[in-house]
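Colleague: Structure provided below as structure tokens; questions to follow.
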Amino acid sequence: MDQFNDKIENQMHDYDSEEKDQILENFNHFKQFLSHKVDQGEKMGLSEEQLANTAEMVANYLMKHEEPRNREEHLLHQLWQVADKEQQHTLAHLLIRLVQQ
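Letter 43 of the sequence shown, counting from 1, is numbered 43 in the UniProt record's numbering, and no numbers are missing.
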């Protein structure tokens, strides 16, 4: 799993600042990006649990390396900070379900 975590983190680092800005500038762009990545994961045969684990890794990366850029991201940032590990995992599941609709 550590190799998978490293791969996710490397992919996140590979986005240049302009790409990150486009994705994170508003919450709808972020949801579209996440929806596209969830769709790709589903086509690869990932389960909802695997998708949530990946979303959790991305969220942890964003917490460490990116500042929230809009109200929705600020809210998610605050929720992530006060949540314990189990609650963060539940939030990751909820984000996956949000973009699957």
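Note that the Cβ used here is the ideal one computed from N, Cα and C, for glycine as well.
Computed from a predicted model, the values in this text were never measured in an experiment.
Within 10 angstroms of the Cβ of glutamate 86, are there 16 or more other Cβ atoms? Answer buried if so, exposed if not.
Modeller: Result: exposed.
Colleague: Can you find the residues in the same chain that come closer than 6 Å, C-beta to C-beta, to leucine 34, ignoring five residues on each side of it along the sequence?
Modeller: Cβ within range, chain order: Val99.
Colleague: So, under 8 Å CB-CB, histidine 74 and methionine 63 are touching, yes? Tell me the CB distance rounded to an integer number of Å.
Modeller: At roughly 12 Å, the Cβ-Cβ gap does not stay under 8 Å, so histidine 74 and methionine 63 are not in contact.
Colleague: Which whole-angstrom value is the C-beta distance of isoleucine 96 and glutamate 66, which I expect to be below 8 Å?
Modeller: Incorrect: roughly 19 Å between the Cβ atoms, too far for contact.
Colleague: Around the C-beta of glutamine 88, are 16 or more other C-beta atoms found within 10 angstroms, so that it is buried, or is it exposed?
Modeller: Buried, because 16 or more other Cβ atoms sit within 10 Å of the Cβ of glutamine 88.
Colleague: Select from Thr54, Asn26, Ser17 the residue whose C-alpha is nearest the C-alpha of aspartate 39.
Modeller: Checked all of Thr54, Asn26, Ser17; the closest Cα to aspartate 39 is Thr54.
Colleague: Going by DSSP, what residue range makes up the alpha helix (DSSP H) through serine 17?
Modeller: Per DSSP, serine 17 belongs to the alpha helix (DSSP H) from 17-24.
Colleague: What three-state label does DSSP hand methionine 57 in the structure shown?
Modeller: Helix.
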